[in-house]
Amino acid sequence: DQISLCDCGCWDGLVSKYILPYFQRLDHSLQNVSKIVDEWKTLLKKKEEPLQSLGQLSSKILINSKNNETAPYCLTNVSPLCRGEPNLIIQSKKGFAKVSNLYKCLKMIPRSEHVLICKETTTEEEVECLLLRTLLCTKKDNKQNSQIPLYCLVGPEKLAMRTSTKVIKLLQHMLLSQSELRQMHSYLFVMFSSNGENEIAVTLQHFERKSKEVIALLHMEDSLYMKEWRSFLTERSNRKPFVQLYKSEDVGMGKTWKIKHDIEKEEKLERIYVRFNSSTIDWDSTINKFWQHHPCQFNNDSKMDNQEIVTKKKRSKDDLVVYHLDISSCVNKEMNDFLFQLLYLQHIDTDGRSFHVNPNMAFFIEIPSKFDSFSETAADVLYTLFPSSNFPTVDVNKDNNPFQFGKEEQYCIKWIKEFQTGKLRCGEFVDIFVVLNICCIFFLCLQQAYKVEFVKVD
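Under this note's numbering, think of the first position of the sequence shown as 789, with each following residue one higher.
The following block contains the structure:
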């Protein structure tokens, strides 16, 4: 309603931020929903029930959706999984790597509709919707060898106790009831749990599949992302997002400065800096930062900030945005939850906002040299960033990122040397005052030019 009443000339921009990401969950390839929203407004003018009209539009999108275009055919071998019944996999370590590898084995690219990652705030309605999608997709096509996607429920042990009880009843009714099973086709459903003793996993214990290493048939990362930075900058018609990692063996090599420099040396790139400096992730705040590049937004009074729109409204969907993700040494392995959704599902939903990865986006990810709570390597802690088909990686060192002294730093060094050799003839108080000021200026200059030397960013 707020968008339709807006007359600020930024209507399409508001739609692209507040409506498009929700529809992209239904079809990841959508880039423009103006016609769909026009139809939505027409239905509302006809006094159609709001939820009913939304359902009509969603059905149209699903019919033409490309989310399942890589799904396996129903006659394809899916060992060690079984069709037409639930599958339970207990995976205590590197769970998201197992999820992605399973999809790679099926040569299927998962989308956000296929995977539900549980949190304490996840509701039973979300789980029920996942189960409905799992079952209903088998009824869409009556062909003998139709495509049947894999749906996954990940981390049910994280659900609140009250929700867990309701989810168990859902599983018993929708997947374990004999009357229901007789009506089902060869659906594909897997529950991944890190704890085989939680009540939900126990409910499916007779359907546990032993995890084993299988050969991945798809390099998912190559399908989702450009392999070359220059191609991302120049390609237009077939552009895909881009991911590049920045790491160093030693602390203080200047990864932050290197990333900033790599972005600034290219013209017309917008840098969005997102820092992860806590063991927990503030999902809503993080997603708000991801939207900083967007020209249109509502302020706290639910009105438009006209000045902001005037200065940015000329941005187009082809303008390139680079996200500098600065991962601190204090993060824990839950960071893989966020990275899996961002880089593999390419879609993140929070209670208040959705964010979808589009072709004009690049991610420069700064990896800490060591971790506060782990002795393991970055490849073990942040394992989602290190698949078998590696993301492009820059190893930052003294050779490719030498320390550079600017004019201000050189000036300060000159004065310090003069003072140390006794060539500055001043009173004792003045000497101390001058040296302290010069040193302060020197350190400030270095901090601005090379932050990692004086503030902890690794």
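Backbone N, C-alpha and C define an ideal beta-carbon position, used for all residues, glycine too.
Residue nearest to Val887 within the set Val942, Lys1053 and Lys1056 is Val942 (criterion: CA-CA distance).
In this structure the segment 861 to 871 does not touch the segment 901 to 916; the number of beta carbon pairs closer than 8 Å is below three. When DSSP states are grouped into helix, strand and coil, Glu913 belongs to the helix group. Every unbroken stretch of the beta strand (DSSP E) spanning 3 or more residues and falling wholly within the segment 826 to 884 is given here in chain order: 874 to 878. The beta carbons of Lys1028 and Pro898 sit no closer together than 9 Å.
In the structure shown, Val1169 adopts helical secondary structure according to DSSP, grouped into three states. Following the DSSP letters along the chain, one finds Ser1073 inside the alpha helix (DSSP H) bounded by residues Trp1071 to Phe1078. For Thr953, the enclosing alpha helix (DSSP H) covers residues Met949 to Met962. Fully contained in the segment 1141 to 1166 are the following beta strand (DSSP E) runs of length 3 or more, in chain order: 1142 to 1144 and 1149 to 1154. The shortest CA-to-CA distance from Val803 to any of Asp815, His816, Lys823 and Ser817 is the one to Lys823. Taking each of His1135, Ser1161, Phe1152 and Gly801 in turn and checking the Cα distance to Phe1179, the smallest one comes out for Phe1152. With fewer than 16 neighbouring CB atoms inside 10 Å of its own CB, Lys927 falls in the exposed class. Three or more beta-carbon pairs separated by less than 8 Å link the segment 1117 to 1129 to the segment 1054 to 1072, which places the two stretches in contact. In the three-state scheme derived from DSSP, where H, G and I count as helix and E and B as strand, Phe1174 is classed as coil. Nearest to Leu1005 by alpha-carbon distance, out of Lys1158, Thr1172 and Val866, is Val866. In this structure, Phe977 places its C-beta atom within 9 Å of the C-beta atom of Thr922. Beta-bridge analysis with DSSP links Met896 to no other residue.
By the C-beta criterion, the segment 1011 to 1019 is judged to be in contact with the segment 1028 to 1045, since at least 3 inter-stretch pairs fall below 8 Å. Beyond the five residues adjoining it in sequence on each side, His1081 comes within less than 6 Å, by CB distance, of Glu1058, Ile1060 and Val1109 in the same chain, given in chain order.
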